[in-house]
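Enquirer:
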Amino acid sequence: MKNVYTVTQVNSYIKHMFTQDFMLQSVLVKGEVSNCKYHSSGHIYFTLKDAKGTIACVMFAGNRGGLRFLMREGQQVVAAGTVDVYERDGKYQLYAREIFPDGDGLLYEQFEQLKRKLQEQGLFSAEYKRPIPPYIRTLGVVTAPTGAAVRDIINIATRRNPYVQIILYPAIVQGEQAPQSIVNGIRALENAGVDVMIVGRGGGSIEDLWAFNEEVVAQAIFDCSVPVISAVGHETDTTIADYVADLRAPTPSAGAELAVYDYSLLKARMEELSGSLTYGMKRKAQQSRMTLRQYRIKLQYLSPMSQVREKRHYLTQMQERISARMQGKLADRRHMLSLYVERMRGASPLEKLNQGFSHVSAQDGRTVTDVEQVRDGELLTIHVKNGKIIAKVKEKERWQWQGKT
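Just so we're aligned, residue 81 is where the sequence shown starts under this note's numbering, counting upward by one.
1) In the DSSP assignment, find the unbroken alpha helix (DSSP H) run with Q374 in it and report its ends.
2) Looking only at its own chain, which residues have a Cβ that is under 7 Å from the Cβ of M97, when we skip the five neighbours before and after it?
3) Using the Cβ count rule (16 or more neighbours within 10 Å means buried), how would you classify R148?
4) To the nearest angstrom, how far is it from the Cα of N293 to the Cα of P307?
5) Using only CA atoms, which one of Q480, H439 and W479 lies nearest to L460?
6) Taking DSSP as the reference, what is the three-state secondary structure of L128?
7) I'd like to check one pair, D182 with V157: are the Cβ atoms closer than 7 Å?
8) Tell me whether the stretch 192–210 and the stretch 246–256 touch, counting them as touching only if at least three CB pairs, one residue from each stretch, are closer than 8 Å.
9) So, I278 versus G335, is the Cβ gap smaller than 7 Å?
10) How about M385: is its C-beta nearer than 7 Å to some C-beta of chain C?
11) My assumption, with CB atoms under 8 Å, is that A321 sits in contact with A298. Please give the rounded CB distance.
12) Find out if the Cβ-Cβ distance for the pair G282, A329 is shorter than 7 Å.
13) Helix, strand or coil: how does DSSP classify F191 here?
14) Leaving aside the five residues before and after N143 along the sequence, list all residues of the same chain whose C-beta is less than 6 Å from its C-beta, in chain order.
15) Got a sec? Which residues, its chain only, sit under 6 Å from C488 by beta carbon, not counting five neighbours each side?
16) Between I212 and V138, is the Cβ-Cβ spacing less than 7 Å?
17) What do you get for D317, buried or exposed, if any count of 16 or more other CB atoms within 10 angstroms of its CB means buried?
18) Taking the C-alpha atoms as reference points, what is the distance between G313 and G284?
19) Let's test the definition: count the other Cβ atoms within 10 Å of the Cβ of W290 and tell me whether it reaches 16, buried, or not, exposed.
20) For D412, which three-state DSSP category applies?
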């Protein structure tokens, strides 16, 4: 009996065959859009048809960046993607990664080939990207002299910084002469010494933007010594110039914003820094004055003159204290002397004589204190307060005092 396979096995085998076919992994399919549905999940389901056939197609939400326009019924498009089998239903379909209006397919293929070539040569490498200077004086612009792009760049750049100088190179940005005109503009502004350069134009079809996908333009941007901002088309438009440039702007207006710093923000920041600096300087000056005052006081205290004054003051205090103590001692001694004088005065013979007492002495000078010490007829000398008297003893009489014996 011959082999019998399940539906799942057959579908899996067919899917494997599709996967092994290299051509089906990257294919461009041209046809008319039919049954186009934008699902709430973000996926797009549609059919491509021509006079003799149809193919089911889907573009998942993650690949919507590859669609730059709104698809509609009856539109001729080219879808780039992979043909594969949906195993559950056993149906094959095109899984689209990018979709272009009919006529863009060949240009897309040329775009991919040049992109791979320049990437291999290193023109897209991050190490060659130069930083955009934050504050510029001159802005170079390579674009068409008329149109919305140049007006937007000038208006936004002037509004953000009225002092910036804008040098416009009126280039041809569409047609056969456009690539060389753009290259000439890049070189001219580089020689003019601008600080940064915007190279771009407004939106359009892939054919309109094709000058920015030329190799000569990419090489000129890469060789330029001035930082280059690529600002081509709308946000969804991507060109070779975007990959080579030092910075990609989604639109020309955004390019002006990236190139020119907002002067009002800078002015506000400068005023803020100035206020902070002034406050810091005043605070520092105040602290320095306080420190200087402390040093001055300390210096005055430690200076030789201050030390001399301090010692003089101390010496004066000591002199005053010594003088006070001496005066006190003298007063005490004077008081004691007065007491001694009074006591001496009380014991002084002269004082006694002044009080009416007298001193009696014998001829040999002995003081007579007892009647037994003299004899009758003996001469005695009697001392009084103002002289002496010579007396002769006529008689003597002993007295007996009552009291202690």
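Every residue gets a Cβ at the ideal spot worked out from N, C-alpha and C, and that includes glycine.
Expert: Well, looking at it:
1) Segment Y343 to L382, the alpha helix (DSSP H) holding Q374.
2) none
3) R148 is buried by the Cβ-count criterion.
4) 19 Å
5) H439
6) strand
7) Yes; because the gap between Cβ atoms is below 7 Å, this pair is in contact.
8) The stretch 192–210 is not in contact with the stretch 246–256.
9) yes
10) Included in the structure is just one protein chain, with no chain C present.
11) 6 Å
12) no
13) The answer is helix: DSSP assigns F191 an H, G or I state.
14) R177
15) Because the chain here runs from 81 to 485, residue 488 falls outside it and cannot be looked at.
16) no
17) Residue environment: D317 is assigned as buried (16 or more neighbouring CB atoms within 10 Å of its CB, all protein chains considered).
18) 6 Å
19) Burial state of W290 is buried, judged by a 10 Å Cβ sphere holding 16 or more other Cβ atoms.
20) helix
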